[in-house]
Every structure is written in structure tokens, then in C-alpha cells.
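Okay, so here's the structure we're looking at.
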Amino acid sequence: MKRQTTMRVLSLLVAVTLAACGGGAQVPPTLVVEIPTSSSGSAATNAPPTATTEAATATTRAPAGQGTATQSSSGQPSAATVVAATNAVSTTAASSPTPAEGVGGGGGAQGIDGSIVVLANFSIDPPQLTAVDPATGEAEAIFSAPGLRESFSQWVADGYLFYIDDETQVVKRVAFDNTLTELPFVNSGGELFEGQFLPSPNGERIAWGTSVFEPHPEGDTHIQLKAANADGSDEQFILDKRLPDEAILPQPIGWSPEGRYLYFTNPLYGIGGYILFFGGSDLQQADLKTGLVKEILPNMDCLCAMSLSPDGSTVAYIPGVEQLELVLHDVASGAEQRVPIDVDHHQAGGIIWSPDGGLLMYTMAVGNPDSEAYSVVKVDVATMSQTVLIQDDDRLLQTILWPVTDTVWLNDASGSAWRMDTESGALTKADVPGGVVRAGW
Numbered sequence: 016m017k018r019q020t021t022m023r024v025l026s027l028l029v030a031v032t033l034a035a036c037g038g039g040a041q042v043p044p045t046l047v048v049e050i051p052t053s054s055s056g057s058a059a060t061n062a063p064p065t066a067t068t069e070a071a072t073a074t075t076r077a078p079a080g081q082g083t084a085t086q087s088s089s090g091q092p093s094a095a096t097v098v099a100a101t102n103a104v105s106t107t108a109a110s111s112p113t114p115a116e117g118v119g120g121g122g123g124a125q126g127i128d129g130s131i132v133v134l135a136n137f138s139i140d141p142p143q144l145t146a147v148d149p150a151t152g153e154a155e156a157i158f159s160a161p162g163l164r165e166s167f168s169q170w171v172a173d174g175y176l177f178y179i180d181d182e183t184q185v186v187k188r189v190a191f192d193n194t195l196t197e198l199p200f201v202n203s204g205g206e207l208f209e210g211q212f213l214p215s216p217n218g219e220r221i222a223w224g225t226s227v228f229e230p231h232p233e234g235d236t237h238i239q240l241k242a243a244n245a246d247g248s249d250e251q252f253i254l255d256k257r258l259p260d261e262a263i264l265p266q267p268i269g270w271s272p273e274g275r276y277l278y279f280t281n282p283l284y285g286i287g288g289y290i291l292f293f294g295g296s297d298l299q300q301a302d303l304k305t306g307l308v309k310e311i312l313p314n315m316d317c318l319c320a321m322s323l324s325p326d327g328s329t330v331a332y333i334p335g336v337e338q339l340e341l342v343l344h345d346v347a348s349g350a351e352q353r354v355p356i357d358v359d360h361h362q363a364g365g366i367i368w369s370p371d372g373g374l375l376m377y378t379m380a381v382g383n384p385d386s387e388a389y390s391v392v393k394v395d396v397a398t399m400s401q402t403v404l405i406q407d408d409d410r411l412l413q414t415i416l417w418p419v420t421d422t423v424w425l426n427d428a429s430g431s432a433w434r435m436d437t438e439s440g441a442l443t444k445a446d447v448p449g450g451v452v453r454a455g456w
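Per this note's numbering: the sequence shown = residues 16 to 456.
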């Protein structure tokens with residue numbers, strides 16, 4: 016079905032905020048309502064940035080994506096065939112031809128465990144996706160995703176791309192061999208999917224949160240958070256309630272490595288401002304074995320950039336306050352370490368962790384829509400020392416993915432992808448058209 020002009024404000028916000036996270040051309044969005052927010056160039060060159068500084072360290076204690084893919088030899092799979100039918104329906108999607116050199120397009124998808132990079136070329140319909148080697152950028156597989164749009168959720172997990180089809184409003188999973196599976200059980204109960212979803216790193220489970228306006232004596236906003244196996248079996252409710260005076264969307268943002276815990280946040284929707292980096296207002300941990308929900312971070316009244324460490328033990332976040340800080344919060348104990356962010360930068364986000372969790376990076380922005388510039392900062396988790404690898408660059412290079420120890424992937428404002436050496440800061444523009452996108456988280 017075609018998108019209705021009466022789509023709720025929620026769906027619009029999802030599209031705008033996901034675009035702000037890196038979809039396509041990263042022109043800073045200008046929305047219409049101001050709230051206290053968290054804070055998260057030109058010609059292409061390969062010259063490394065030069066500025067390196069060490070920031071002062073402040074420490075306080077207080078309680079509180081996989082594998083190798085191959086391309087079909089013919090590039091044209093056989094006619095659609097149903098291969099599974101429980102609550103998921105699989106077919107084979109048509110391949111897209113390899114574009115001519117220089118044909119671009121924004122977008123891409125993040126491997127949840129950080130070990131694969133997929134770039135999406137939205138100048139082709141359906142969009143062409145290319146799985147590339149995370150260290151070299153060499154193309155390994157080409158596949159397509161009918162109905163994929165830049166501004167809607169897309170995740171890579173264990174050799175699959177999970178995404179929402181903008182035309183049908185059905186969540187789909189496409190393998191690197193173009194086998195396409197519909198997941199119709201991931202829905203919000205109506206014709207439009209009014210929510211967010213997140214597959215587990217191994218692709219075996221999926222969680223989704225929804226927020227639907229339904230006039231009701233107990234409250235007009237009906238929110239739900241569910242998780243299920245990727246075939247639709249073993250569905251469980253994590254949240255199911257009505258809110259009389261709030262409009263929030265429970266959003267899954269991470270899984271623990273063993274899959275027992277699901278992390279989610281509850282941001283308000285319908286808010287705006289000059290927001291460069293999306294985030295959450297709080298952080299909750301759901302035990303999928305017991306059904307218990309534990310608060311990790313309280314409501315901070317902001318869209319605070321946050322990211323879980325690879326082992327799930329620590330969440331890094333940036334509260335939306337006048338003086339920005341990077342905070343590392345121990346999930347088990349609540350102990351925190353804090354370090355200030357440069358005072359000349361008024362927004363920050365794009366937090367990514369190294370594969371071993373010993374380092375992280377974030378992007379900070381001047382915060383001036385008339386003369387915007389981004390810097391990229393590396394942080395030693397043990398000492399909280401900071402090193403600026405990219406200083407106030409008008410290409411707006413934003414940290415997206417840290418798939419291997421010595422290589423980070425970034426997007427620029429034009430939607431192109433770059434690889435950066437994590438020691439020297441040397442930059443290499445990707446040969447494959449398109450960009451890597453953090454679609455949601």
C-alpha cells in the first residue's frame with residue numbers, strides 16, 4: 016500500500032530522527048519545536064587530520080555488524096519461491112546490476128556485532144546493497160532490498176539485512192544471496208508500522224516497540240514492547256500498557272551477548288529542535304528469562320546519545336546539559352566515570368566502541384547550522400584520556416561503526432563512506448558508492 020497522508024507524527028519523527036543518525040546526505044535537520052537535547056565537507060581527500068590534544072580527565076563515582084558473504088554467479092536469481100511458512104514467508108528477491116563508477120547514493124546498514132559493513136546505493140530501485148570487507152572495503156557480495164528507504168530502520172545480523180518495506184509496511188529479512196523473508200508478526204496492529212525494531216546479533220530473535228493512538232478510557236497511547244524468534248515463535252510481551260498523558264515510544268537499543276537481556280529506552284515523540292545526534296531519554300534492562308525490567312539510567316529529559324559496550328557491562332552516554340560530558344556507567348554497580356567534552360562543541364553523539372571494549376569514539380559538533388563542523392574524538396576507557404583524530408571538519412564526518420581493531424567507518428554529509436585508521440586518523444574514501452548508516456542504534 017502507498018503511505019497515507021494521515022500518518023501519525025510518530026512515523027514522521029522516526030523518519031526524521033533516523034535520517035539525523037546518518038541516512039543518506041547528512042544535512043543537519045531543522046525541526047520545529049525546541050527542547051533541551053543531548054548532543055549526540057567538501058572535496059574528498061585522503062590526507063589525515065592533524066589536530067591531536069589530550070583532554071583533562073575527571074572521574075567520579077556515583078550510584079546511579081558477521082562472516083563472509085558471496086555473490087551469485089549469474090546475479091539473477093530464479094523466480095520467487097516460498098521456502099518457509101510459519102509466521103515468516105520467504106521468497107527470492109531480484110538482484111540489482113552493479114552501478115557504473117561514480118553512481119552514488121546514501122545509506123547503508125550497521126552490523127550489530129560490528130563485524131560486517133553493508134553499503135546501500137539508493138540511486139537504484141530497488142536499492143543495491145554491497146557487503147564489504149571491514150578492513151579493506153573490498154566488495155564481497157551484492158544484493159537488493161525491495162522497498163528499502165534511507166530513513167527507515169535497517170540492521171545487519173548474521174548475514175541478513177533486516178528492514179521495513181516502505182510500500183507494504185512489512186518488516187523483512189533479506190540474505191546476502193537475495194532470499195527474502197517477510198516477518199508480518201512484527202507489527203503495531205494497523206496498516207502502518209508505528210514503531211522500531213532490533214534483531215539480535217545472531218539474527219535468531221527480534222524485538223520491537225510500538226506506540227499507537229487508540230482512544231480508550233485508560234489512555235489514548237497504547238505502547239507495547241515484544242520479542243520473538245525470527246520465525247515468529249516464542250513471542251513474549253515486555254511492555255503492554257496505556258498512557259493517558261504521555262506520548263512515548265519504547266525503542267529496543269541493544270541485546271546482551273548471550274541474548275538474555277534486552278535494553279530499551281522510552282523517548283518522547285513529536286519533539287524537535289536542531290538535533291544532530293539521536294538518543295534515548297532513559298535506559299531499561301528487560302530480563303527475557305524472568306520478565307523483570309530494571310532501570311539502568313533514569314529519565315534525563317533529553318535525547319541522550321548512548322551505546323552499550325560489546326560485553327554489555329557498560330553504557331556510554333552523553334547527557335543533554337549545558338556542559339556536555341561523556342559518562343561511562345557500570346550496568347551492574349551503577350558506578351560512573353565522567354570526562355568533559357570540549358566547551359566549544361554543543362552537541363555530541365555517534366558513540367562507538369572498539370571490538371574489545373577498551374576504546375570508544377564519539378563525534379562532537381560545533382552546533383551552528385550556519386557553519387557546522389564535526390570533530391572525532393577517541394577515548395581510552397581505562398584512563399578516560401581523549402585524543403582528537405579529526406578536528407572541526409566541514410565534511411561532517413560522523414562515527415558509525417568500529418568493525419575491526421584498526422579501522423573505523425564514518426559517513427560524510429554527502430552520504431559517502433570513509434575508513435579511518437584508529438591510530439593515525441588517516442582517511443580513505445570507500446570505492447563502493449553509498450554510505451554506512453546507523454539506522455536507529
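Here a beta-carbon is modelled for each residue, glycine too, at the ideal position from N, C-alpha and C. From a predicted model like this one, the values you see are computed outputs, not experimental measurements.
Whether residue i touches residue j by CB criterion (8 Å)
i: Y276; j: A301; result: yes
i: L412; j: I405; result: yes
i: G224; j: L264; result: yes
i: P272; j: G218; result: no
i: H344; j: L374; result: no
i: S369; j: M379; result: no
i: F177; j: P214; result: yes
i: R220; j: N244; result: yes
i: T145; j: I131; result: no
i: A468; j: P142; result: The first residue shown for the chain is 16 and the last is 456, placing residue 468 beyond what the model contains.
i: V330; j: Q401; result: no
Secondary structure of residue i, DSSP reduced to three states
i: N136; result: strand
i: A320; result: strand
i: T414; result: strand
i: N202; result: coil
i: Y276; result: strand
i: M435; result: strand
i: P214; result: strand
i: V451; result: coil
i: F293; result: coil
i: R164; result: coil
i: P142; result: coil
i: N426; result: strand
i: T65; result: Residue placement at T65 is poorly supported in this model, since its pLDDT is 35, which falls under 50; the coordinates still yield a value, given next. Coil.
i: S226; result: strand
i: T443; result: strand
Residue of the options minimising C-alpha distance to residue i
i: V308; options: M315, D297, D316; result: D297
i: V381; options: G373, H361, N426; result: H361
i: E206; options: F191, D180, E219; result: D180
i: D408; options: A428, D246, S138; result: A428
i: M376; options: E182, D436, F167, Q338; result: D436
i: Y278; options: G287, L254, D260; result: L254
i: F208; options: K187, N193, P216; result: K187
i: V185; options: D192, G174, G210; result: G210
i: I139; options: P149, G162, V147, E155; result: G162
i: E358; options: A350, I367, I366, E340; result: It is Val, not Glu, that sits at residue 358 in the sequence shown. For the residues A350, I367, I366, E340, the minimum Cα distance to V358 belongs to E340.
i: N314; options: T329, T420, G335; result: G335
Bridge partners - residue i, DSSP secondary structure assignment
i: V391; result: T378, I405
i: P355; result: E340
i: D255; result: Q239
i: K187; result: Y178, E197
i: K309; result: Q300
i: V330; result: L323, H344
i: I367; result: M376
i: F158; result: L144
i: P267; result: F279
i: A172; result: Y175
Cβ neighbour criterion (16 or more within 10 Å) applied to residue i
i: N383; result: exposed
i: K393; result: buried
i: P259; result: exposed
i: T236; result: buried
i: K241; result: buried
i: A432; result: buried
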